[in-house]
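Chemist:
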Amino acid sequence: MKSQLEDMLQIWSAASYDATLSCALSQVERARDLARLTSLVSSRGLGVFTLDLPTLDTLLLSLLEHGHVVFEGPFGVRRSKKDQRPRFLHGFWALVCDESGCLKSDASPEAIFAIRQLSCLWKKLEVACSPKRVKDSVDEYFAIEAQMPQPSPFWGRDYRGDVPNSLFRDAFASRRSDFSDLGFLLRLDKVAGILLSSFGSFDSLSDDSPETGYFKHGPGAVANLKGGEYKYSFPSWSARLERIFPFDWCSGERLDCEERPSRVVPPSRLLAVPKTAKAPRLIAAEPVEHQWCQQKIKTFLDYQFRRSIIGRFFDPCNQTLSQRLVAQAARDRSLATIDLSSASDRISCWHIECLLRVQPSLLEACAAVRTDHIEDTLSSYGVMPLRKFASMGSALTFPIQSLFFLAVALASCGVSTPSEIRSMEGKVRVFGDDIIVPNEAYDSVTRNLTALGLKVNLTKSFSKGAFRESCGQDCWNDVDVTPVKPRVCTADAWIKAQALLDTSNNLFKKGLWRASNTIVEMLPVALTRNVFSHKVQVPGLVSFSGSKVRRPKWDKDLHRWYVLQPVVIKRQERVAEDSSLALREFHTRPFCAERARETGRMLSTVAKLAAVRVDTEVLG
6 MKSQLEDMLQ IWSAASYDAT LSCALSQVER ARDLARLTSL VSSRGLGVFT
56 LDLPTLDTLL LSLLEHGHVV FEGPFGVRRS KKDQRPRFLH GFWALVCDES
106 GCLKSDASPE AIFAIRQLSC LWKKLEVACS PKRVKDSVDE YFAIEAQMPQ
156 PSPFWGRDYR GDVPNSLFRD AFASRRSDFS DLGFLLRLDK VAGILLSSFG
206 SFDSLSDDSP ETGYFKHGPG AVANLKGGEY KYSFPSWSAR LERIFPFDWC
256 SGERLDCEER PSRVVPPSRL LAVPKTAKAP RLIAAEPVEH QWCQQKIKTF
306 LDYQFRRSII GRFFDPCNQT LSQRLVAQAA RDRSLATIDL SSASDRISCW
356 HIECLLRVQP SLLEACAAVR TDHIEDTLSS YGVMPLRKFA SMGSALTFPI
406 QSLFFLAVAL ASCGVSTPSE IRSMEGKVRV FGDDIIVPNE AYDSVTRNLT
456 ALGLKVNLTK SFSKGAFRES CGQDCWNDVD VTPVKPRVCT ADAWIKAQAL
506 LDTSNNLFKK GLWRASNTIV EMLPVALTRN VFSHKVQVPG LVSFSGSKVR
556 RPKWDKDLHR WYVLQPVVIK RQERVAEDSS LALREFHTRP FCAERARETG
606 RMLSTVAKLA AVRVDTEVLG
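Dropping the structure here:
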């Protein structure tokens, strides 16, 4: 039985063959590259794919942005004393830069994509990070925390005063001696007020609706319940939460004689989830009652974003508009893309206090659902107080940080009135920490973000060359050079087989047909029996040559031909909850005319193979 490394090497070899053909390079040199890589993998293992090879992509992006690069690292060994270009993948590098490492004016987009794809192919592979890397990430998390300013008394658990009316110009001009642009802070206060001025007051006691938001649970883990425990049984409900979200109204009063929840405020739990082999992603599992109420605020914000001026620059459910701007920016270089490092971990309570000052009801609700302590379950820090507004894992992190970065971007562009803000439509856009701004405002935005305590990731921010990247879309001179980055490489479970099928389709659409076919040969025959046109949204193999299906069947009732396409689904078993708590869930679950509302705990089970019906009429 082949090992995982052998599968990875085989797929990489096929992808290099496809890339060599697309760039009309010698297969002899490709064989040398494969031999070098095989030798390194045999001696150094998985880290060659997940840690070493991706450094080539970093070097390439630096070359595309600055026009010159000094090659270094394990795969940056030069070809000769006169030729600075790497010996590995030299044929592709020769189509992109000259012997001194300077970008060619006629650099080949095909070679750029080839280098990116071959260096990043296994960058996102789901593997556990080493304990040292996890500890380093935790140390960095708390190091960032220690550098942030202490929250104002408003964010304390026992605060009972008025909602503050804090301004950016007061909170940051005196705190940061390096803040030379006071005009920016004045504009930021005005822009934040304009963006939120059309919001209605947030009412936690309102009935669930698209306009006022919904109470609901998220899919993730929570801090104060064990796995499998019923999420609708709230073990705690803090006094501050009670003042804004009364338990009797916002959670549903218990019908039995059980005691009311504890007033103790539990901490969130710091967890590590797979991201890359270089570092995990650190998230916080929120207390269940905070998560429940955060969703009410989040769904309220989503509606307000869409109906207000903010919808011109940010859509929490759609990042395709940002992707379209990336293609435009790479073509005419009128826009710049900015990425931030640990963005959510650097947004302080002061940022949010100033941002939401014109909406005191919303600000007070955000403070009530904020978890102010976190328990480190990965290292030795124990329970620590938090200065940041929220870690990743809170339902409010994404919408609030997007709103904050939008306000900073607009104010940095020099606008401060509603008409001036509207004039920036199509020039400014945000999605989380992915920011797009006019090219001439790039220096101003990065300078102001840094002065506000954020950290711009300069290796992933682009304004000078013809390369732009944002929201998963990478373009060079309007050519899509986004590499495919699969997370699995073996089909030893049905859910992984489905993921590999998707990877095969993605490689096929990129023109890496041999690599795609190599993966197909690793998949169970049941999943690859039918082939569908790439224009048809059907789970299965795709093709540019139309559909080819096996064993169509005739439906005598509907008088049409159809085929059954196998698809992997993750079945879940529901365990009924025999208590009055189920009534709470029943009334908070959305109505569906096709099936009754079910209540109880969901237990995940293994992925299974099912079949979906596909009418041949839609296949063309």
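Numbered per the numbering used here, the sequence shown spans residues 6 to 625. Think of the CB as a built atom: it goes at the ideal place given N, C-alpha and C, for glycine as much as any other residue.
Considering only the alpha carbon of each residue, which of Met389, Ala372, His564, Leu367 lies closest to Asp208?
Modeler: For the purposes of this step, residue 208 is identified with residue 203 of the sequence shown, where counting begins at 1. Measuring from the Cα of Asp208, the nearest candidate turns out to be Leu367.
Chemist: Just list the beta strand (DSSP E) runs in the segment 335-362, keeping only unbroken ones of 3 residues or longer that don't cross its boundaries, in chain order.
Modeler: Counting whole runs of 3 or more residues, the segment 335-362 contains the beta strand (DSSP E) stretches 340-343.
Chemist: Enumerate, from N- to C-terminal direction, the unbroken alpha helix (DSSP H) stretches of 4 or more residues contained entirely within the segment 52-135.
Modeler: If we require 4 residues or more, the alpha helix (DSSP H) runs fully inside the segment 52-135 come out as 59-71, 95-99, 114-125.
Chemist: Does the contact criterion of 3 or more C-beta pairs under 8 Å hold for the segment 347-360 versus the segment 139-154?
Modeler: The segment 347-360 is in contact with the segment 139-154.
Chemist: Out of Leu190, Phe250, Ala334, which one is the CA nearest neighbour of Arg473?
Modeler: Counted from its first residue, the sequence shown places residue 473 at position 468. It is Ala334.
Chemist: On the premise that Val489 lies in contact with Asn511, defined as a C-beta separation below 8 Å, what is that separation, rounded to the nearest angstrom?
Modeler: Here residue 511 corresponds to residue number 506 of the sequence shown, with the count starting at 1. Here residue 489 corresponds to residue number 484 of the sequence shown, with the count starting at 1. Contact flag correct, Cβ pair sits at about 5 Å.
Chemist: Does the segment 555-572 come close enough to the segment 594-605 that 3 or more CB-CB pairs lie under 8 Å?
Modeler: Short answer: they don't touch.
Chemist: Please state whether the Cβ-Cβ distance between Pro443 and Leu326 is less than 8 Å.
Modeler: Locating residue 443 in the sequence shown gives position 438, where the first residue counts as 1. Locating residue 326 in the sequence shown gives position 321, where the first residue counts as 1. Not closer than 8 Å, so no.
Chemist: Count the other C-beta atoms from every protein chain shown that fall within 10 angstroms of the C-beta of Thr342, then say buried if there are 16 or more, exposed otherwise.
Modeler: If you number the sequence shown from 1, residue 342 lands on position 337. Buried, because 16 or more other Cβ atoms sit within 10 Å of the Cβ of Thr342.
Chemist: Counting C-beta neighbours from all protein chains within 10 Å, is the total for Ser256 16 or more, i.e. buried, or is it exposed?
Modeler: Counting from one through the sequence shown, the residue named residue 256 turns up at place 251. Its Cβ being crowded by 16 or more others within 10 Å, Ser256 is buried.
Chemist: At what residues does the beta strand (DSSP E) containing His378 begin and finish?
Modeler: The sequence position of residue 378 within the sequence shown is 373, counting from 1. Residues 378-381.
Chemist: Hey, would you say Leu275 sits closer than 8 Å to Ala289, going by beta carbons?
Modeler: Position 270 of the sequence shown, counted from the start, is the residue given in the question as residue 275. Position 284 of the sequence shown, counted from the start, is the residue given in the question as residue 289. Their beta carbons are under 8 Å apart, which means Leu275 touches Ala289 by this criterion.
Chemist: When the distance is taken between beta carbons, is Pro423 closer than 8 Å to Ile314?
Modeler: Taking the first residue of the sequence shown as position 1, residue 314 is located at position 309. Taking the first residue of the sequence shown as position 1, residue 423 is located at position 418. The answer is yes: Cβ separation under 8 Å.
Chemist: Hey, quick one: how far does the beta strand (DSSP E) through Phe436 stretch, first residue to last?
Modeler: Sequence index remark: in the sequence shown, residue 436 carries index 431 (1-based). Here the beta strand (DSSP E) through Phe436 covers 434-436.
Chemist: Buried or exposed: which applies to Pro271, given that a residue is buried once 16 or more other Cβ atoms fall within 10 Å of its Cβ?
Modeler: Taking the sequence shown and counting its residues from 1, the one referred to as residue 271 is at position 266. By the 10 Å Cβ count, Pro271 comes out buried.
Chemist: Where does Gly316 land, buried or exposed, given buried means 16+ other C-beta within 10 angstroms?
Modeler: In the sequence shown, the residue the question calls residue 316 occupies position 311. Burial call: exposed.
Chemist: Using three-state DSSP, classify Phe189 as helix, strand or coil.
Modeler: The residue you call residue 189 lines up with position 184 of the sequence shown. Looking at Phe189 - three-state DSSP - the assignment turns out to be helix.
Chemist: Which same chain residues, not among the five before or five after Ser171, have their C-beta less than 6 Å away from its C-beta?
Modeler: Here residue 171 is taken as the residue at index 166 of the sequence shown, counted from 1. The residues are Glu358, Cys359, Arg362.
Chemist: Taking buried to mean at least 16 other C-beta atoms within 10 Å of its own C-beta, is Leu17 buried or exposed?
Modeler: If you number the sequence shown from 1, residue 17 lands on position 12. Reading off the sequence shown, one finds Trp at residue 17, where the question assumed Leu. Counting Cβ neighbours within 10 Å, Trp17 comes out buried, since at least 16 surround it.
Chemist: In whole angstroms, give me the CA-to-CA distance for Pro59 and Leu51.
Modeler: The residue given as residue 59 occupies position 54 in the sequence shown. The residue given as residue 51 occupies position 46 in the sequence shown. Taking the straight line joining both Cα atoms gives about 12 Å.
Chemist: Ala332 and Asp483 look like a contact to me (Cβ under 8 Å); what is the Cβ gap, rounded to whole Å?
Modeler: Position 327 of the sequence shown, counting from 1, holds the residue named residue 332. Position 478 of the sequence shown, counting from 1, holds the residue named residue 483. At roughly 6 Å, the Cβ-Cβ gap stays under 8 Å, so Ala332 and Asp483 are in contact.
Chemist: For Phe318 versus Arg192, is the C-beta spacing smaller than 8 Å?
Modeler: For this step, residue 318 is matched to residue 313 along the sequence shown. For this step, residue 192 is matched to residue 187 along the sequence shown. No, the pair does not count as a contact, with Cβ atoms beyond the cut-off.
Chemist: Apart from the five residues just before and just after Lys465, which ones in its own chain have a Cβ nearer than 7 Å to its Cβ?
Modeler: By 1-based counting over the sequence shown, the position of residue 465 is 460. Cβ neighbours of Lys465 beyond the five flanking positions: Asp344, Glu474.
Chemist: Is it a yes or a no for the segment 484-503 touching the segment 524-542, going by three-plus beta-carbon pairs under 8 Å?
Modeler: Yes, since at least three Cβ pairs between the segment 484-503 and the segment 524-542 fall closer than 8 Å, the two stretches touch.
Chemist: For a test of the three-state rule: what should DSSP assign to Cys476, helix, strand or coil?
Modeler: Here residue 476 refers to the residue found at position 471 when the sequence shown is read from its first residue. Looking at Cys476 - three-state DSSP - the assignment turns out to be coil, as it is neither helix nor strand.
Chemist: According to DSSP, is Leu517 part of a helix, a strand, or is it coil?
Modeler: In the sequence shown, the residue the question calls residue 517 occupies position 512. Coil at Leu517, not helix or strand.
Chemist: Which residue or residues does DSSP assign as beta-bridge partners of Tyr567?
Modeler: The sequence position of residue 567 within the sequence shown is 562, counting from 1. Paired residue(s): Lys558, Asp620.
Chemist: One question on the structure: do Ala612 and Ile574 come within less than 8 Å of each other, judged by their Cβ atoms?
Modeler: Residue 612 sits at position 607 when you count from the first residue of the sequence shown. Residue 574 sits at position 569 when you count from the first residue of the sequence shown. Contact: yes.
Chemist: Take Leu588 as the anchor and find which of Pro279, Gly431, Lys236, Gly551 has the nearest alpha-carbon.
Modeler: Position 583 of the sequence shown holds residue 588. With distances taken between Cα atoms, Leu588 lies closest to Lys236.
Chemist: At which residues does the beta strand (DSSP E) containing Pro537 begin and terminate?
Modeler: Numbered from 1 along the sequence shown, position 532 holds the residue referred to as residue 537. Before going further, note that residue 537 is Phe rather than Pro in the sequence given. Its beta strand (DSSP E) spans residues 536-538.
Chemist: The beta strand (DSSP E) spanning Arg165 covers which residue range?
Modeler: Sequence index remark: in the sequence shown, residue 165 carries index 160 (1-based). Note, Arg165: premise wrong, no beta strand (DSSP E); not H, not E.
Chemist: Less than 8 Å between the C-beta atoms of Leu676 and Asp381, yes or no?
Modeler: As displayed, the chain neither begins before 6 nor continues past 625, which places residue 676 out of reach and without an answer.
Chemist: For the segment 95-109 against the segment 60-73, do three or more pairs of beta-carbon atoms, one drawn from each stretch, fall closer than 8 Å, so that the two count as touching?
Modeler: The answer is yes - the segment 60-73 touches the segment 95-109, with three or more Cβ pairs under 8 Å.
Chemist: Using only alpha-carbon positions, find the residue among Gly198, Phe173, Leu200 that is nearest to Leu187.
Modeler: For this step, residue 187 is matched to residue 182 along the sequence shown. Minimum Cα distance to Leu187 is reached at Phe173.
Chemist: Which residues does DSSP list as the beta-bridge partners of Lys553?
Modeler: If you number the sequence shown from 1, residue 553 lands on position 548. In the DSSP output, where bridge partners are listed per residue, Lys553 has Val536.
Chemist: Can you have a look at Ala228 and say buried or exposed, based on whether 16 or more other CB atoms are within 10 angstroms of its CB?
Modeler: Within the sequence shown, the letter at position 223 stands for residue 228. Per the 10 Å Cβ criterion, buried.
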